[in-house]
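Using this note's numbering, read the sequence shown as starting at 5 and increasing by one per residue.
Let me begin by presenting the structure, written as structure tokens, before commenting on it.
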Amino acid sequence: MSPDFTFEKQLRKKGYRIIFGIDEVGVGPLAGPVVACAVTLPAFFVFGNIGEKIEVIKKLKDSKKLSHSQREGFLYEFDGEGELAWETASVFPRIIDRINVYEARRLAAKRAVKKLEKAIGREADMLILDGRAGLAIKREQEVIVKGDEKIALCAIASIIAKVKRDSMMLRCHKKYPEYGFDLHKGYGTKLHFAMLKKYGPSAIHRMSFRLGKKRRKRLNKRLNG
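Have a look at this one:
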């Protein structure tokens, strides 16, 4: 089952007009930023005749289940005619180490919401958040576990955030090519651990994510089957 606009339609019927979907990526990696995206679509797109975009929506999935080219393709489809309004915000390793990654994802999401509100010139009526906790911001909020698998706006936000973060990690690869960031994007793969052992951490590694042997073994098992 792919995410759709069912929940957004229900909110619309309750009188909410400016609805944001929010998601973050980059919580688990050993290096690089956490990136959040807030996205909104005009009411006529979500609830009216969406025409040829219906096929795009039917194929919508959580960003982790799509290839890089698929994610970029979705972004192009939604953003090509200026229908989509979105903003991203990042929190980098130094701050992640200081406040912890849980607070970093909330900070990134809050910044993304504020940036989008400034861009459209209006405050959101409702925030739909993927996860388990809301934001420290005075807006009505709905928090939905695995929202990026159920809610279309959250799925779109997830895709945009992932495209944005991947492009940032490719730039990091140019600066630190020895770690292979172009391949693993900072996640804890066998290659990444091997390069960390050989070269030590770089300036974009999260020092608070130093893993013990047992945790590293479990992570590698999960990542590599």
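The beta-carbon is built from N, C-alpha and C at its ideal position, and this holds for glycine as well.
Candidates A42, S212, L131, A112: which alpha carbon is nearest L120's? A42
My assumption, with CB atoms under 8 Å, is that M173 sits in contact with G77. Please give the rounded CB distance. Contact flag wrong, Cβ pair sits at about 19 Å.
Using a Cβ-Cβ cutoff of less than 8 Å, which residues in the same chain neighbour Q74 once the five nearest sequence positions on both sides are dropped? none
How many angstroms separate the CA atom of P205 from the CA atom of V29? 21 Å
Which value, in whole angstroms, describes the spacing of the CA atoms of K122 and E12? 22 Å
Of the choices I23, G32, G138, whose alpha-carbon is the least far from that of H188? G32
Residue of H72, K194, I22 minimising C-alpha distance to I164: H72
Beta carbon of K168, beta carbon of T44: below 7 Å? no
The stretch 150 to 162 in contact with the stretch 179 to 193 per 3-pair CB rule at 8 Å: no
On the DSSP bridge assignment, give the partners of V3 in chain order. Because the chain here runs from 5 to 229, residue 3 falls outside it and cannot be looked at.
In three-state terms, what does DSSP make of T193? coil
Cα-Cα separation between I99 and V39, rounded to whole angstroms: 13 Å
For R110 and L79, which I take to be in contact (beta-carbon distance under 8 Å), what is that distance rounded to the nearest angstrom? Contact flag wrong, Cβ pair sits at about 24 Å.
If I124 and E146 are in contact, beta carbons under 8 Å, what's the gap, nearest whole angstrom? Incorrect: roughly 20 Å between the Cβ atoms, too far for contact.
Pick out the complete alpha helix (DSSP H) segments inside the stretch 82 to 167, 4 residues or longer, and give them in chain order. 97 to 103, 105 to 124
Distance check for D134 and S6, CA to CA, integer angstroms please. 15 Å
Are the CB atoms of A116 and V95 nearer to each other than 7 Å? no
Looking at chain C, is there any beta carbon in it that lies within less than 7 Å of the beta carbon of E12? Within the model displayed, chain C is absent; a lone protein chain is all it includes.
Considering Cα atoms alone, identify which of A198, R126, L200, K118 is closest to I141. K118
Could you spell out where the beta strand (DSSP E) holding D27 opens and where it closes? 23 to 29
Across which residues does DSSP place T44 in a beta bridge pair? A89
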